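Numbering (the working numbering), first residue to last: 31 to 176.
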């Protein structure tokens, strides 16, 4: 019986430690996602570059794919001008040193001076590199109409 209790205590300790780490990672990723949202609204190129990997693959719902330099440039030069951004129904799944974030992006843009409201689905892939979460991939997709 003593042996069983020792094994149970070790297993319980292991899983409670993993749950704590996972929730810290989820919180860290959620904070990075929020910082990305604000940096996109503020057109903060330095912050956008800091949050993203040099090898970023940034996919739009129309099929266009940008690298890090083009993504940052289009935001900072106002070509892609986010007035507001809200993330809805966000989920975060930690898989090793990667995080998969899904949400609906609801935004008001003023691209080229033209007001537009958008609602699209987003999947972000973040990777923990040197103890810091970096966005390595993003894919937007059209939501089904109901």
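Glycine included, C-beta positions come from ideal geometry on N, C-alpha and C. Everything numeric in this text was worked out from a predicted model, so none of it was measured.
| Query | Result |
| --- | --- |
| If you follow the beta strand (DSSP E) that residue 116 is part of, which residue opens it and which one closes it? | 112-125 |
| Which residues does DSSP pair with residue 151 in a beta bridge? | 134, 171 |
| Need the endpoints of the beta strand (DSSP E) that residue 85 sits in, please. | 82-89 |
| Based on the DSSP secondary-structure assignment, which residues constitute the bridge partners of residue 68? | Residue 68 pairs with nothing; no bridge assigned. |
| Is residue 172 near residue 91, with beta carbons less than 7 angstroms apart? | yes |
| Are residue 131 and residue 122 touching if we call contact CB-CB under 7 angstroms? | yes |
| Taking C-alpha atoms, which residue in 114, 81, 126 lies nearest to residue 61? | 81 |
| Pull up the DSSP beta-bridge partners for residue 139, would you. | 112, 146 |
| At the level of alpha carbons, what is the spacing between residue 209 and residue 168? | Shown here, the chain extends from 31 to 176; a query on residue 209 therefore has no answer. |
| Once you ignore the five residues that flank residue 116 on each side, which residues in its own chain have a CB closer than 6 angstroms to its CB? | 136 |
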